Amino acid sequence: MSAGQYIIQQILDGWEHLMAWQKYFANITWRTLRKKAHVLLSVHVFLIQCVWNPAIGQQLPSDIDLDPPVIDHEALVRGVAGEPQLFSAVIVDDRGIESVQLFYRPATDGEYTSVPMTLSGSSYIATLQTDENQRRIEYYIEVLDTGGNRVLKGFPFYPLVRGLSIPKAPQPQITQPPPPSQQEPAKKSGNTVLYVMLGVLALGLLAGASGGGSGGGGDSQPSNQVPLTINVSPP
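In the numbering used here, the protein residues as written are 5 to 239.
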């Protein structure tokens, strides 16, 4: 194994150690930190040597992918409990993406659960079902490209957080009664009664006049009878 290959192997091993260190950062101790110090020292020495001796960099194989993926994720601050929660991210890499995982947990403690994020158009998406009593989701996104580069958006010890609001109670629907139907005005019978009373009164007057004329002495002249016609118009 050449010196360049050894340094590359140290970098790859150091990267794995750093990922494990990142995962258990909350419980790290000084003894563990001292064990990992040689990895950081190896990386720094390699970078210094590349600066002072460019020939070392030229010895590296050209097919090594040193460019990690780029994650573009807009964290949604708040959602609604009981509704499906959509997580999406746009991921760009010059070689190709191996896998995208969403790690999540419902509270500040407990183990993370992972689900794969699938490619939909230009974004990787994953949907999580939530409970109405759930108030937050802690999560982070892990991307691995075909060159073995691993990138995180958020961290296990410092995750991204999406709060969940209490769902709003449905608004009561107020049903208005239908407008009253327009009824036809009742036919007035007052005019009919008035016409009948006027007719009866006229008949009474005529009868009285004819009776008064025939009560005088001497031969009575036959009274002139005048026919009376009463027209009662319908209401």
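Ideal Cβ placement from N, Cα and C applies to all residues, glycine included. This one's a predicted model, so the numbers in the text were calculated from it and none came from an experiment.
Does residue i come out as helix, strand or coil in the three-state DSSP assignment?
i	result
residue 100	coil
residue 168	strand
residue 173	coil
residue 206	helix
residue 32	Unreliable placement is indicated for residue 32, whose pLDDT of 49 sits below 50; no coordinate value is reported for it.
residue 138	coil
Taking the DSSP output, what are the residues bridged to residue i?
i	result
residue 107	118, 144
residue 89	132
residue 156	146
residue 83	168
residue 123	128
residue 95	75
Mind reading off the beta-carbon distance from residue i to residue j? Whole number of angstroms is fine, and I expect it under 8 Å.
i	j	result
residue 246	residue 75	Beyond the ends of the chain as shown, which are 5 and 239, falls residue 246; an answer cannot be given.
residue 106	residue 141	Rounded, the Cβ-Cβ distance is 10 Å, inconsistent with contact.
residue 86	residue 135	7 Å
residue 72	residue 133	With 8 Å as the limit, residue 72 and residue 133 do not qualify as a contact, their Cβ atoms being about 31 Å apart.
residue 90	residue 129	6 Å
residue 166	residue 82	7 Å
residue 96	residue 120	Not a contact, Cβ separation roughly 19 Å.
residue 150	residue 102	5 Å
residue 164	residue 111	The Cβ separation is near 14 Å, so there is no contact.
Original post:
Does the pairing of the segment 143-153 with the segment 173-186 give three or more beta-carbon distances under 8 Å?
Top reply: No, the segment 143-153 is not in contact with the segment 173-186.
Original post:
Is the segment 172-181 close to the segment 151-162, with three or more CB pairs under 8 Å?
Top reply: Counting Cβ pairs under 8 Å, fewer than three are found: no touch.
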